[in-house]
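Note that UniProt numbering gives residue 51 to position 51 of the sequence shown, counting from 1, and the numbers run on in steps of one.
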Amino acid sequence: MTGGERRFAERLEIKLEDDYLCWYDVTIGEKTRNPDFIVFHPSRGMLVLEVKDWKLDSIREINQRDVMLLTNQGLVAAMNPLEQARQFMFYLTGLLQRDPTLVWPSGSLKGKPFFPYGHGVVLANISRADFDKTNLGDVIPSHLVICQDEMYPKVEAEAFQQRLWDMFPHKFTHKLSLPQIDRIRWHLFPQVRLPEQRALFSDSDTAPQDIPDILGVMDLQQEQLARSLGEGHRVIHGVAGSGKTLILGYRAEHLAKIVTRPVLVLCYNKTLAAKLSATMVEKGIDDKVHVNNFHAWCSRQLDAYHVERPKGPATDALFEAMVTRVIEGVDGKMIPSGQYDAVLIDEGHDFRPEWFKLVVQMVNPESNSLLVMYDDAQSIYGGAKKPKFSFASVGVKASGRTTILKLNYRNTQEILSVARAVAGELLKSHEAGEDEAPTVPPVGAGRRGPKPLLLELPSFKAEVERIAEVLRDENRTGTPWSQMAVLYRHWDMAAEVVGVLQRWDIPFECPQMSKRFTPGADSVKVVTMHSSKGLEFPLVCIPGTGMPHKKEESPEAEARLLYVAMTRATRQLVMTHGAGSRFGESLREALEALD
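See the structure below:
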């Protein structure tokens, strides 16, 4: 920011109430226009402002369109800032006029936005007295200007706001609703559109009839957080479905435009890594943003720098030895540090302390950009043996730069209520220092849907047959196969699930068997509960819920894993179980409480 822009931003923050929305230097529309400030109020309207730090004696000539300025480089021609703001304003209103729900349906203003809009100029270094004694008012009308002394800290908030609202040619007659505000944000800022919705549109060629009634956008906290992520180390603690991966993707897209070295995205889950990688390919930034699951990245480091790999079968011990070999390679300068201009970590709750220490060294110290996404409630590896640690102890210096996201947008109120009942004490909020990982209980965003279905059947085969019937019926009513998933707990369940789906001629993909995951394929995804973390589907089916098993873990670990699996469903959740299910009773009680 220039000095004048910074002072004006401070006045906006201090002198406007919380129901104002203000954007500074944010790209609008597909043509990437960047006005200095957009100020919006649901019962006032929208204002576009250009801020100039000009001194009075630097303005040598000015007319309706152009200005000649005296600078250190001599005379420089520029656009009249009022004309600049006016052009931004008309581009902005042009975007909104495509939406019939945001314009007057009839009368003299038919087709125009039904909320007031205006434009103006802030002259941060010219007083009102100096402005009045010149002929500037002939080309920049007095009421469309805020002068230096009208934005002093001592100016009353009411007087400051009045200067803004004097710039509007019309007054408001009603107040915009929250859905209408979201529609405005959807049109102006394509970056905040949720990926599921963005695929439905053809960008700038979108016709009004192609705009759906329900628009998916980041909430205001998500948008502010995504836009404001700057230099340094940052940690975001977010509940399941709060948009952590969405924000990570936004950050990766932004960094891809400005970095010199690659951006590294790491997660624990192979399936999530495949999905994130596909997303970067869709965005056209896969050459700048490299996505790996942690152990695959370690393997590539050993190969790339010719460090001898440990030998043995693909067991947990081998993977641990491989990580150790990479750490030793970095310590011994065989593997270089600082390889990436930024490192973004999804599923940070599944990373061990020594992994963080290793990854932190991969960040270019000049950019020093590290982002960690974390949710202690979804930590499903390591169990009670997982070591507790502070972020500072592993090199993540995020003190003062941590954020908590509590709202769950993925799940309906019904799904979230039942999932919370299963998790029980695991979601009980507990205090933690800023440098430690708190447990954050999710808060539903209020979205409603059908009640989850719980079925008790005599055998696991009968359970899978019933699930196949549900999948087929959903597809016949218009749900694509790609929007459905079957999540199973143990490997020995997979053969039965796959066999039944084959008999029902249901297309499926089982990454644990095929060793590949193609998110865009129109097939039912059959994945383990562990591998489902980070994914979401409108319909999720879980067979063998709480089934006793020789390899079952502690009740706490099983509850945590089932909570993760249940919260993958965005619309409908179907669970089946047999006699002796660990969670059958608690699930029935939770479902009865919904009645």
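Note that the Cβ used here is the ideal one computed from N, Cα and C, for glycine as well.
Would you kindly work out how many angstroms separate the C-alpha atoms of residue i and residue j, rounded to a whole number?
i           : j      : result
Glu496      : Leu453 : 21 Å
Ser532      : Leu594 : 26 Å
Ala419      : Ile506 : 28 Å
Arg60       : Leu225 : 42 Å
Ser202      : Leu246 : With a pLDDT of 32 at Ser202, under the threshold of 50, the modelled position of that residue is not reliable, and the figure given next carries that caveat. Computed Cα separation, rounded: 20 Å.
Ala590      : Asn408 : 19 Å
Leu266      : Pro353 : 15 Å
residue 611 : Ser417 : Beyond the ends of the chain as shown, which are 1 and 595, falls residue 611; an answer cannot be given.
residue 600 : Arg163 : For residue 600 there is no data in the structure shown, the boundaries of the chain being 1 and 595.
Pro212      : Asp303 : Its pLDDT being 47, under 50, Pro212 is placed unreliably by the model, and nothing is read from it.
Gly499      : Ala468 : 11 Å
Asn475      : Ser523 : 11 Å
Cys147      : Ile126 : 6 Å
Asp130      : Pro179 : 44 Å
Gly238      : Asp182 : 22 Å
Leu501      : Gly338 : 47 Å
Gly544      : Pro450 : 21 Å
Pro442      : Ile404 : 11 Å
Leu21       : Phe114 : 18 Å
Thr528      : Tyr305 : 33 Å
Asp341      : Ala240 : 28 Å
Leu370      : Pro336 : 18 Å
Cys541      : Gly584 : 15 Å
Trp23       : Gln221 : 13 Å
Thr93       : Arg185 : 12 Å
Leu188      : Pro100 : 15 Å
Thr315      : Ala462 : 33 Å
Asp25       : Asp166 : 23 Å
Trp54       : Ala85  : 16 Å
Thr173      : Val192 : 29 Å
Give the range of the beta strand (DSSP E) segment to which residue i is assigned.
i           : result
Phe537      : 537-542
His119      : 117-123
Lys244      : Lys244 -> not in any beta strand (DSSP E); alpha helix (DSSP H) instead, spanning 244-256.
Trp23       : 21-24
Leu69       : 66-71
Gly45       : 45-52
residue 600 : With the chain covering 1 to 595 only, the question about residue 600 has no answer from this structure.
Is the distance from the Cβ of residue i to the Cβ of residue j below 8 Å?
i           : j      : result
Arg582      : Glu558 : yes
Val486      : Val526 : yes
Thr402      : Arg447 : no
His290      : Met322 : no
Gln361      : Val326 : no
Val139      : Asn80  : yes
Leu455      : Thr576 : yes
Glu30       : Pro190 : yes
Ala124      : Gly4   : yes
Val51       : Ile38  : no
residue 596 : Arg571 : Here the chain covers residues 1 to 595 and nothing more, so residue 596 does not appear.
Met440      : Lys406 : In the sequence as displayed, the identity of residue 440 is Val instead of Met. For Val440 and Lys406, yes; Cβs fall inside 8 Å.
Val363      : Val394 : no
DSSP state of residue i, grouped into three classes?
i      : result
Glu13  : helix
Glu308 : coil
Asp149 : helix
Met575 : strand
Met218 : coil
Val192 : helix
Ala321 : helix
Ala240 : coil
Leu95  : helix
Gln197 : Note that Gln197 scores a pLDDT of 36, beneath 50, so its modelled location is shaky and nothing firm can be said.
Lys357 : helix
Ile38  : strand
So the candidates are the options; which of them puts its Cα closest to the Cα of residue i?
i      : options                        : result
Ala521 : Arg503, Ala494, Met484         : Met484
Phe168 : Arg44, Glu83, Pro543, Val281   : Arg44
Leu12  : His174, Asp473, Ala157, Lys357 : Ala157
Gly118 : Ser106, Asp286, Met89          : Met89
Could you tell me the boundaries of the alpha helix (DSSP H) in which residue i lies?
i      : result
Asn475 : 460-476
Phe351 : No alpha helix (DSSP H) contains Phe351, which DSSP labels as neither H nor E.
Cys298 : 294-304
Leu371 : Taken as a continuous stretch (DSSP letters only), Leu371 belongs to no alpha helix (DSSP H), being part of the beta strand (DSSP E) at 369-374.
Val500 : 494-503
Leu276 : 270-283
Arg420 : 413-423
Val564 : 555-566
Glu589 : 584-593
Met547 : It is not in any alpha helix (DSSP H) - Met547 carries neither H nor E in the DSSP assignment.
Leu426 : Careful: Leu426 lies outside any alpha helix (DSSP H) and carries neither H nor E.
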